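Step one of this worksheet: look at the structure below.
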Amino acid sequence: MTILGTVEDATILEEDITLEGRLDTGATSSSLNALQQETFERDDAEWIRFEIIDPHNEDARITLERPIERSARIRQHSGELDERHVVRLELCLGDRKIEADTTLVDRTELTYQLLVGRSHMAGHILVDSGNEHLLPPDCPADEDSSDADE
7 MTILGTVEDA TILEEDITLE GRLDTGATSS SLNALQQETF ERDDAEWIRF
57 EIIDPHNEDA RITLERPIER SARIRQHSGE LDERHVVRLE LCLGDRKIEA
107 DTTLVDRTEL TYQLLVGRSH MAGHILVDSG NEHLLPPDCP ADEDSSDADE
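As structure tokens, then:
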């Protein structure tokens with residue numbers, strides 16, 4: 007198990023983009039700030055194209071594309087249900103490569119673009135609630151060392 011703080015840098019491995027994220031043991035799933043969401047067909051599958059805020063320039067955007075795994079209904083703090091697209095996202099957190107379902111939602115009004123929930127942490131990460139930024143992302147490039155959930 008890797009011990010991390012409540013706020014850590016996490017790298018989206020496919021695009022090699024590092025974002026500051028909040029590790030939230032109270033959240034079942036992870037969520038990523040996703041702007042300008044647009045669904046499309048590719049190879050007979052439904053995909054989504056979306057933008058995230060460039061972590062080096064908040065006025066710039068980076069476009070990502072992923073196959074849509076499913077849709078999820080998420081209950082907001084207000085009690086309302088919100089329908090969200092879900093994609094698989096492989097993150098590097100500390101020394102751990104972990105792939106898990108991630109919901110896409112507009113998080114621009116929130117402090118962190120990335121919320122890391124239990125789906126990414128269970129069995130891999132312990133959260134020290136009194137600390138932040140304990141380990142930078144440093145995952146081996148070797149595929150055999152992946153902790154990806156199948």
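For what it's worth, the numbering used here labels the leading residue of the sequence shown as 7, then goes sequentially.
Even for Gly, the Cβ is constructed at its ideal location relative to N, Cα and C.
Remember, it's a predicted structure, so these values are computed and weren't measured experimentally.
In whole angstroms, give me the CA-to-CA distance for residue i and residue j.
i	j	result
S151	L19	Low local confidence applies: a pLDDT of 42 at S151 is under 50, so the model's placement there is unreliable, and no value is given.
D22	L116	23 Å
V136	L10	The identity of residue 136 in the sequence shown is Gly, whereas the question assumes Val. Each residue's alpha carbon lies about 10 Å from the other.
A40	T108	11 Å
T114	E64	11 Å
E5	I54	In the structure displayed, the chain extends from 7 to 156; residue 5 sits before or after that span and is not available.
E44	F56	6 Å
P142	E26	10 Å
E47	E138	40 Å
E105	I59	21 Å
V133	L29	7 Å
L87	R67	28 Å
Q82	A128	22 Å
H126	S84	25 Å
R76	I131	25 Å
A33	D50	32 Å
Please report whether the beta-carbon of residue i lies at a distance below 9 Å from any beta-carbon of chain C.
i	result
A66	Judged by its chain identifiers, the structure shown contains no chain C, having just a single protein chain.
Which stretch, first to last residue, makes up the beta strand (DSSP E) that contains residue i?
i	result
S125	Where S125 is concerned, there is no enclosing beta strand (DSSP E), although the alpha helix (DSSP H) it sits in stretches over R124 to M127.
D101	Taken as a continuous stretch (DSSP letters only), D101 belongs to no beta strand (DSSP E), as it is neither H nor E.
In this structure, does DSSP put residue i in helix, strand or coil?
i	result
E135	For the sequence presented, residue 135 should be read as Ser rather than Glu. Coil, per DSSP.
L116	coil
L121	strand
L10	strand
H91	strand
D144	coil
Using CA coordinates, which residue listed in the options is at the minimum distance from residue i?
i	options	result
L157	D15, L140, L110 and D101	In the structure as shown, the chain starts at 7 and stops at 156, and residue 157 therefore has no counterpart that could be examined.
E14	P146, L140 and D144	L140
R102	A147, P61 and D50	A147
E52	Q82, H91, I131 and S37	H91
T8	C145, D144, G100 and D49	G100
I74	P61, V93, A16 and H62	V93
Ordered list of beta strand (DSSP E) runs contained in the segment 20-89, each at least 3 residues: Listed in chain order, the complete beta strand (DSSP E) runs (minimum 3 residues) inside the segment 20-89 are 23-29, 36-39, 41-48, 51-59, 67-73 and 76-81.
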